[in-house]
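Asker: Chains as they are written, first to last, in my numbering: chain F, 1 to 247; chain H, 248 to 497.
Shown next, in the form of structure tokens:
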């Protein structure tokens, strides 16, 4: 184990309506480099809120998040610089419909990393090859299927060469037959040693790829289990009933 | 039969004479040609100014509406609130008063010192007026973009302004292009009140002919037909534009 975790969350709280709704209720978690952490839990449990807090798409009410030693929550931190190193993949893909696939992938590297156009495009084409979509470089997002869009969204995030990828229910908006192709890309990434935080309902993925599975309920982390333990009954009643429902 | 033929002939001759009197004699058609040039100059200038103003106001208003609730207290928030107030006052005043009154205030009250440049004053007045309407069109375009687009931009590391510039505005602009083109068409007709500050646009050109020849029918109908042809032309253009946009990558 390396000495310092890549992401360290301490006592994170997110309250709405002056504290009557607690989306996150004192959450602490460490994520190490190269680790695949899968967050599961019923809807409304706060798993997406936790994930979106990591790159400050949600602003937490209190608590701290350290990313590679820098405080994400500190107002003096340039959050845009940190976000460049934290890729995010969304449930609804959020590709830019007015740009071609190639431009979707090169916009960030060119404008933010100041990468020359040729280099950014070469990188993008290399990445497209990895997801077997190099032929679609000149197409627009609307010409792709859901699974293809999500694969592009993943490589768009990868084009920024991030230290960690955050996945917010990446397969929830997909037709069942397209889930596999997206999960395959994620598995390959995990094998390459990418640090990943994945909010998902795909228990199979959690079991196969996850290094750790975190179960959230009512804004709290109520259980942390190893992937191989998923099918075994635990001493946590809430987790058992959840798993019984989704498996 | 013979009488009827004669009267038709007379009528035709009459029409020809009035036409010649109104447009050919003393090259009077030039009033319309020059007027048309002025109408276009004012419309195009005002459109450019209007779009510029409209984008700025729309950005202020949508930034305020989207962010002010979860912004950290500080100078930035106060500036945004003040800018938004100014934008709202501008929208209220411009959209709540008649164009002609605004034009006359611009010419006789505000820009007295540059009153020899009537076109300049007209472009300012019509541009400031159009900006208010353009602002609301563009704001609706910005608000119609899926918030996920914004989050995707921010998650890559773009700041607010860059996300707006590279991701939101291009999409918003595309969505409201037909509405903007309609605003341009409306503006063409609105400039017909330029005569109030003595600017010889197309309408005033026709009116000058009327005052010279003491015949109203021919010059005024001619002016109306010219407006109609221009408007029909641009309406067709907007129609083609709309179809193109619908067919493109959405």
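Note that CB positions come from ideal geometry on N, CA and C, so glycine has one too.
Give a yes or no on whether the minimum CB-CB distance between residue 493 (chain H) and chain F is below 8 Å.
Answerer: no
Asker: Assign residue 32 (chain F) to one of three DSSP states: helix, strand, or coil.
Answerer: coil
Asker: Work out the CA separation of residue 352 (chain H) and residue 420 (chain H) for me, nearest whole Å.
Answerer: 32 Å
Asker: So, are the CB atoms of residue 385 (chain H) and residue 471 (chain H) less than 8 Å apart?
Answerer: no
Asker: Is there at least one Cβ from chain F nearer than 8 Å to residue 399 (chain H)'s Cβ?
Answerer: yes
Asker: Do residue 156 (chain F) and residue 131 (chain F) count as a contact pair if the criterion is CB distance below 8 Å?
Answerer: no
Asker: Need the endpoints of the alpha helix (DSSP H) that residue 431 (chain H) sits in, please.
Answerer: 416-437
Asker: Which of the three DSSP states is assigned to residue 245 (chain F) in this structure?
Answerer: helix
Asker: What span of residues does the alpha helix (DSSP H) with residue 463 (chain H) cover, start to end?
Answerer: No alpha helix (DSSP H) contains residue 463 (chain H), which DSSP labels as neither H nor E.
Asker: Can you give the Cα-Cα distance for residue 425 (chain H) and residue 469 (chain H), rounded to whole angstroms?
Answerer: 28 Å
Asker: Residue 435 (chain H) and residue 477 (chain H) look like a contact to me (Cβ under 8 Å); what is the Cβ gap, rounded to whole Å?
Answerer: 6 Å
Asker: Answer yes or no: do residue 347 (chain H) and residue 448 (chain H) have a C-beta to C-beta separation smaller than 8 Å?
Answerer: no
Asker: Residue 341 (chain H) and residue 389 (chain H) - do their beta-carbons sit closer together than 8 Å?
Answerer: no
Asker: Less than 8 Å between the beta carbons of residue 328 (chain H) and residue 315 (chain H), yes or no?
Answerer: For the pair residue 328 (chain H) and residue 315 (chain H), the CB atoms are nearer than the 8 Å cut-off.
Asker: Return helix, strand or coil for residue 497 (chain H), following the three-state DSSP convention.
Answerer: Only weak support exists for where residue 497 (chain H) lies, its pLDDT of 49 falling under 50; the value from the coordinates is given anyway. If DSSP states are grouped into helix, strand and coil, residue 497 (chain H) belongs with coil.
Asker: Could you tell me which whole beta strand (DSSP E) segments of length 3 or greater appear in the segment 43-129 of chain F?
Answerer: Secondary structure within the segment 43-129 of chain F: the beta strand (DSSP E) runs of 3 or more consecutive residues, fully enclosed, are 62-67 and 86-89 (chain order).
Asker: Extract the residue ranges of the alpha helix (DSSP H) inside the segment 336-374 of chain H, only unbroken runs of 4 or more that lie entirely within it.
Answerer: List check, alpha helix (DSSP H) in window: 346-352.
Asker: Please go through the same chain and pick out, in chain order, the residues whose beta-carbon is closer than 6 Å to the beta-carbon of residue 205 (chain F), but skip the five residues on each side of it.
Answerer: 183
Asker: Examine chain F for any beta-carbon lying closer than 8 Å to the beta-carbon of residue 387 (chain H), and answer yes or no.
Answerer: With respect to chain F, the C-beta atom of residue 387 (chain H) has no partner C-beta closer than 8 Å.
Asker: By how many angstroms is the C-alpha of residue 57 (chain F) removed from the C-alpha of residue 200 (chain F)?
Answerer: 18 Å
Asker: So which of F:4, F:46, F:167 and F:175 has the shortest CA-CA distance to residue 145 (chain F)?
Answerer: F:175
Asker: Can you tell me whether DSSP reads residue 223 (chain F) as helix, strand or coil?
Answerer: strand
Asker: Using a Cβ-Cβ cut-off of 7 Å (strictly less than) and excluding sequence neighbours within five positions of residue 34 (chain F), which residues of its own chain qualify?
Answerer: 193 and 195
Asker: For residue 424 (chain H), decide whether its Cβ has a neighbour in chain F, counting only Cβ atoms nearer than 8 Å.
Answerer: For residue 424 (chain H), no CB of chain F lies under 8 Å from its own CB, so it is not counted at the interface with that chain.
Asker: Can you tell me the Cβ-Cβ gap for residue 219 (chain F) and residue 10 (chain F), rounded? I've got them flagged as a contact below 8 Å.
Answerer: With a beta-carbon spacing of about 15 Å, residue 219 (chain F) and residue 10 (chain F) fall beyond the 8 Å limit used to define contacts.
Asker: Classify residue 451 (chain H): buried if its beta carbon has 16 or more other beta carbons within 10 angstroms, exposed otherwise.
Answerer: Buried, because 16 or more other Cβ atoms sit within 10 Å of the Cβ of residue 451 (chain H).
Asker: At the level of alpha carbons, what is the spacing between residue 65 (chain F) and residue 8 (chain F)?
Answerer: 6 Å
Asker: Can you tell which of H:256, H:429, H:261 and H:254 has the C-alpha that lies nearest to the C-alpha of residue 464 (chain H)?
Answerer: H:261
Asker: Let me know the secondary structure DSSP gives residue 311 (chain H) once reduced to three states.
Answerer: helix
Asker: Could you check which residue in H:458, H:372, H:311 and H:382 has the C-alpha nearest to that of residue 423 (chain H)?
Answerer: H:382
Asker: For residue 5 (chain F) versus residue 85 (chain F), is the C-beta distance shorter than 8 Å?
Answerer: no
Asker: Using the Cβ count rule (16 or more neighbours within 10 Å means buried), how would you classify residue 278 (chain H)?
Answerer: Per the 10 Å Cβ criterion, buried.
Asker: What in chain F is Cβ-close to residue 319 (chain H), meaning under 8 Å?
Answerer: 75
Asker: According to DSSP, is residue 275 (chain H) part of a helix, a strand, or is it coil?
Answerer: In the structure shown, residue 275 (chain H) adopts coil according to DSSP, grouped into three states.
Asker: Between residue 440 (chain H) and the rest of its own chain, which residues show a CB-CB distance below 7 Å, the 5 nearest in sequence each way excluded?
Answerer: By the criterion of a C-beta distance shorter than 7 Å, residue 440 (chain H) is surrounded in its chain by 346, 347 and 350, once the five residues flanking it on both sides are discounted.
Asker: Since residue 8 (chain F) sits in a beta bridge, which residues does DSSP pair it with?
Answerer: F:30 and F:66
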